[in-house]
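S.K.:
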Amino acid sequence: MIAGVRIFLDGARLARNRRLAPYTWIPALIALLVISIGLGLTLGYLREFSAYLVALLPDWLDFLDRVLTPLLYALGLLTGAWLLSLLAVVIASPFLGDLSIQAERLRYADP
0 MIAGVRIFLD GARLARNRRL APYTWIPALI ALLVISIGLG LTLGYLREFS AYLVALLPDW
60 LDFLDRVLTP LLYALGLLTG AWLLSLLAVV IASPFLGDLS IQAERLRYAD P
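The opening position of the sequence shown corresponds to residue 0 in numbering that gives the first Met the number 0, with each subsequent residue numbered one higher.
Written out as structure tokens, the structure is:
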């Protein structure tokens with residue numbers, strides 16, 4: 000576990016390097032944009048879907064509205080975030096390859 004923390008901190012130090020800035024910020028901005036737009040759309044559809052499902056319930060099951068709506072939102076957010084992060088990595092993968100090449104050059108260059 001300590002090795003994992005050390006590797007993370009090494010990566011954070013490399014990411015702050017000026018020569019790697021374009022290779023780190025472009026994939027991060029792409030991921031942020033894809034996830035923000037996707038979760039915004041997901042929340043909009045969840046609101047409509049939740050209202051539709053609650054309208055289908057009979058009157059004596061109205062109490063399920065307080066249970067069903069939060070469950071739908073939690074499931075939608077978890078599933079949406081996972082799928083959108085996968086999509087963001089796929090879209091940003093060409094930039095991540097360039098980042099890997101530049102980081103190896105910087106890290107293992109002869110002084």
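Where a beta carbon is used, it is the ideal one built from N, C-alpha and C, also for glycine. Since the model is a prediction, treat every value here as computed from it, not as a measurement.
According to DSSP, simplified to helix, strand and coil, what is Pro57?
M.R.: coil
S.K.: When you compare each of Phe7, Thr23, Arg5 to Gln101 by their alpha carbons, which one comes out closest?
M.R.: Thr23
S.K.: Considering only their Cβ atoms, is the gap separating Leu8 from Leu105 smaller than 8 Å?
M.R.: Cβ atoms of Leu105 and Leu8: not closer than 8 Å.
S.K.: Could you give the residue range of the alpha helix (DSSP H) that holds Phe94?
M.R.: 64-107 is the extent of the alpha helix (DSSP H) around Phe94.
S.K.: Expressed to the nearest angstrom, what Euclidean distance is found between the alpha-carbon atoms of Ile36 and Leu77?
M.R.: 15 Å
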